[in-house]
Every structure is written in structure tokens, then in C-alpha cells.
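Numbering (this note's numbering), first residue to last: 3 to 617.
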């Protein structure tokens, strides 16, 4: 049994969703920090979509399945062999008289190695007194914390009862059903949550930790360890305004709460759009609010991705390209249209880096993927985000600009609300909405956009007002003769740029064919103290530039930055750059091996592939 055992509807899942689908899940968990497990049960409410269905096939990975019940009666079950990174199927044969809608109760326990869960010791937290656990189910890791149909093709509501030590906070991607209750005779409290809006399995989320919170609006709390909560609250104080602007663009917010949780540094993403409680990297807390765009992005997912979903991760661009597009619409409302264009230019820089560094462009750089036999995480990069955004921005300019396209954005969010869709459905609705402009849409090279390799077939004409200053300064530094480098200390300088412009300046230095000299980089460092810069987006670009220029003194700084935090956006390019340079390779590999267990599983797996340590 191999990948041919996977689903007809999703190449990343075993689930027989053509026969039965999950409508609701109720989880009951005991959180055990000593064993690093979740133990308990899940009750799946399933519905036959094929009247002849005689079995349920679920996704699992490294779960200990104890018992399966239907209407109180135990059922036989079979776990299939492990298939690559997809785990093991769990097949339950149904009795002949099984109703169209039925509840399947599965008692089980997770492994201490469950890929979706990261368990931190007290020493790995800011407070140093309590352990910390958080989840990351995207893309296909929910199967490591419960038997499920682990595919975005299926959306379901859920309720949860979670028992944890009484001095710990428990948050889920749902709304609390009341104050936690002490369980008599134990040191535990029971926390109850309910998610009334349907979600795919990858949006199931949990955190158990010693947390504090601050309230910034009736629907937003900022959650964090006590030591950092005030700084995080200041950094993201615009969240309510961003959420209100998102509602203007997409329609009414349907999820009730929009809390933010700032996680420990090992979190591998900028943010994760778990409903009701967005997970955020602490690398965004830099003291200048310039990375609040991450919050705008995760807010936008409330409509594009969480509400309007995808059938499979082959259409992931519909989640991320759309979300980048809405995020930048929010930025335009906050800072003006020129800022929106500048943000898109920065995004294109990231896309160029991705395309340049791609080892398998035939799968890594297409907008629509073929994921048969491929773990979605193995092709995760900026392409769905930035190539997807570029397509939508191009369509907006083609169809008449903001005035013409804004009504389509809202109509798209409402028309497909609560549904998983694919690229063909998006395109059909676009043609339907702009029926009077069919000739314009027919002029689009859809084949090149969806399946072409590399950069987008068309780059829109963005307003370059905010980037021109960066271009002129980059030209000045690159064109200055080495013997005249001291002259760069006068005139326009790096410190005159905004943090976003500093990112663009460093991007331009890194993307040009001409490699800036170590001598010039030394002067940049000396004059502007880049070694001590707090803004992580700037620091990352600076260190990547130093490695590209082969400045040996900076290898240690690059390794330090890649090991004190685990954000893949920063960590993976730095490790790849160091691996490509023989003088840095062994040190980078040694550092990764030393710190591998401190990263999230997803981060560690991808970096190991980048460093050619895993096949």
C-alpha cells in the first residue's frame, strides 16, 4: 500500500470523503506535560454522502488507537502501514444498518513526537517557571493529534473539553464556553470551547501555557507571557482598526473573537490564522509597529482561507494570494495607495529570491500544484503568496482598478462563504461577475499564470515613489569606487530611510548581479550599527547580504540569528546561503544539529532538507 491508498479528492489524505464527511467533532483531552501527550477521545459526527458507504477511512499519524465505538458498541478497526509523510490510514467497517448520520467515538493517545505539537520546557520560556505547549496543524498535521479527515476539502464545527493544570491558561481556535471549572480531587481545571463556524482540520489549534492578556477592544485580547505582554500590546494596538477595515473590504466578521497570541521564538511562521486566536511570532515585536502587516494578513485570512477555503493544498494560492491582496488593501486604507504599491514591490523582491533559489521550479514555482506523492510542506514558499497577489493585482488593473474590483472582492467572499473551492471555481466566478468584460478576461494567459514556471508572466506597473529613494541609494553604494567609499558617509544615507525602505534598499543590494564588497558592508555596519538593529526584517536582509558577500566575520552572527528564533522566512534562506558557501557550510550544519530539537518539527524538517541532511 502506497500513495495509491490516498484519497480520490485530496492527494494528501487517506480519507474516503467521497463516501462520508465529518460534520462536527467533539474532542476531550487530558494535557500531560510529563509524557508530552494528549490523551482522551474524539467523537466524530459523520454523514454519508454515498448511501452505499460501508466504511470510514480516517487520517492518523503516530496515534495509539485504543477503541472505536458506534452507538456504544465497539467496532473493529485496522490501521494501515505508514505511507511516506502522510501517516497511516484508520479504517472502520460500518455495520449494515448504520444511519445516514452517525457518531463515531474514538479513544486514543498522541505520541510524544506528534508533529503538530511543540512542547517547551520552562527554560525555553520567558517566565522560566512553567512549561509551554502549542500546536501547528497546517498543512497536514492535525492527523498527529486526532483521527480526522485531514483535508481542507471537509469543513466541520467543533467543541472541546480540555483538562490541564489549574495554573495554566488554555486557548483553542474557538470561543470559550465559560470559566474553567476545577475538577474535584485533582489539580486540574476543565476548559470548554465551541467553534460554531465550520473549519478545515488544519485550523484546529491549542495552546497551554502560563499566559497573561491585555484587552484592546471588546473583541480583541493580546495574549502573551507576562514578561512581554505590554510590549506586544503596544506593537499590535492597531488590530481593531485593521479588523474594521477588513470588514469594509470583505464583509461582516463572523468568528466572534479575534484574539492574538504571541508565541515563543521557536514558532516557525510570521503568523497562523487560527480562528478566534491568531498565533504570532515574537520576531514581529520590534518596537516600531512596522511588522503589523503580519496582523493585517492574518485578519484577512478570516475571509480568504478560513471562510472561503480550498479543496486541496494544490490550490493554496487561493488562500495566500488572496490574503496578501486583502492585506495590502487594508494597508492602503491605513497608509495610502502608494504604501500598498510599495508593499507589493517588497513582495516581488521576496518572490525573485524564491525563484532564483528554487531547486525544483517545475513544482515549486507554479501557482497551481500537482501534489501527488508530495508533502505540501516540501513546496512551501512565497510563490502562492506573491505570485498569487500579482495575478489579482494584474486583474484589478485590467478590469478597471479599485472601483471596479472592490465589489468583486466582497462578492467573492460572500458567494463562496464557508465553501472549499478550487482554481476553476474562482475563474468561473470571475467570468460570471465580469460578464461584460469577457474579451478582456480572454486576453489573460491563464495557462501561463496558473501553470507557468518562474516569475509571473506580467508584472503590474507599481507606483515606485517610495522605492525610488532606495534605488538611488543602492546605485550610489554599488557604483562608488572602493577608494572613494568614505564619500558615502555624506549625503543621503541608510538612517534617512523608513524601516520598510531599509528593507527595500538591502533587497536591492542583494538582488543585483553585482555583489557588494565586504569593505562597503563594513562601512554600513560601522556607520549605522546594523549589528544591533532590532527590526528582524532588516536584520535578516542585512545578514543574508553579508553571507552573499562572503564576509567571514558575520557567519557567527548569522548562525546566532538562525538559532535564537525559528521563523522559517528568516531561518531557511540563511541556512541555504551558508550551505552554499564552503567556508560557512560546516558551521551551519553543526549549529542546526545542535539546535534541531528546539525548532518546530516543520521548520526542522525543511531546514534538514535545505542542508541535505534528510532525503
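Backbone N, C-alpha and C define an ideal beta-carbon position, used for all residues, glycine too.
All values derive from a computational prediction rather than experimental measurement.
Check                                                                                                                        : Outcome
Residue of 140, 89 and 187 minimising C-alpha distance to residue 65                                                         : 89
Cβ-Cβ separation, residue 288 to residue 538 (assumed contact under 8 Å), whole Å                                            : 6 Å
Stretch pair the region 309-318 + the region 601-613: three plus CB contacts closer than 8 Å                                 : no
Cutoff 6 Å; reference residue 47; Cβ partners in own chain excluding five residues on either side                            : 25, 26 and 105
Whole-Å CB distance - residue 266 paired with residue 126, under 8 Å assumed                                                 : 6 Å
Cβ pair count under 8 Å reaching 3, the region 48-58 against the region 112-131                                              : no
7 Å CB neighbourhood of residue 322 in its chain, flanking five on each side removed                                         : 386, 387 and 390
Per-residue DSSP class, three states only, for residue 113                                                                   : coil
Span separating the alpha-carbon of residue 530 from that of residue 436                                                     : 51 Å
Residue ranges of each beta strand (DSSP E) within the region 114-174, 3 or longer                                           : 119-122, 134-137, 158-167 and 171-174
Unbroken stretches of the beta strand (DSSP E), 3 residues or longer, contained in the region 254-338                        : 261-264 and 279-282
Rounded C-alpha distance that separates residue 113 from residue 454                                                         : 41 Å
Residue 273, buried or exposed, once every other Cβ within 10 Å from all chains shown has been counted against 16            : buried
Check whether residue 63 and residue 146 have beta carbons under 8 Å apart                                                   : yes
Straight-line Cα distance separating residue 218 from residue 475                                                            : 39 Å
Three-state secondary structure (DSSP) of residue 368                                                                        : coil
Range covered by the beta strand (DSSP E) that runs through residue 41                                                       : 39-50
Cβ shell of residue 296 (< 6 Å), same chain only, five flanking positions each side left out                                 : 272, 273 and 286
Nearest candidate by alpha-carbon position, reference residue 521, set 502, 515, 541 and 556                                 : 556
Spatially closest choice to residue 344 from 79, 463, 18 and 152, by CA coordinates                                          : 463
Reference residue 451, options 396, 472 and 348, closest by Cα                                                               : 396
Alpha carbon of residue 124 to alpha carbon of residue 132, nearest angstrom                                                 : 5 Å
Beta-carbon proximity check, residue 175 vs residue 205, cutoff 8 Å                                                          : yes
Supposed close pair residue 301, residue 411 - CB separation, criterion 8 Å                                                  : No, residue 301 and residue 411 are not in contact; Cβ-Cβ is about 14 Å, not under 8 Å.
Neighbourhood of residue 581 by C-beta distance below 8 Å, restricted to the same chain and skipping five residues each side : 587, 590, 591, 612, 613 and 614
Residue(s) in a DSSP beta bridge with residue 226                                                                            : 214
Best match in 483, 332, 279 and 317 for proximity to residue 299 [C-alpha to C-alpha]                                        : 332
Residue 449 (DSSP reduced to helix, strand or coil)                                                                          : helix
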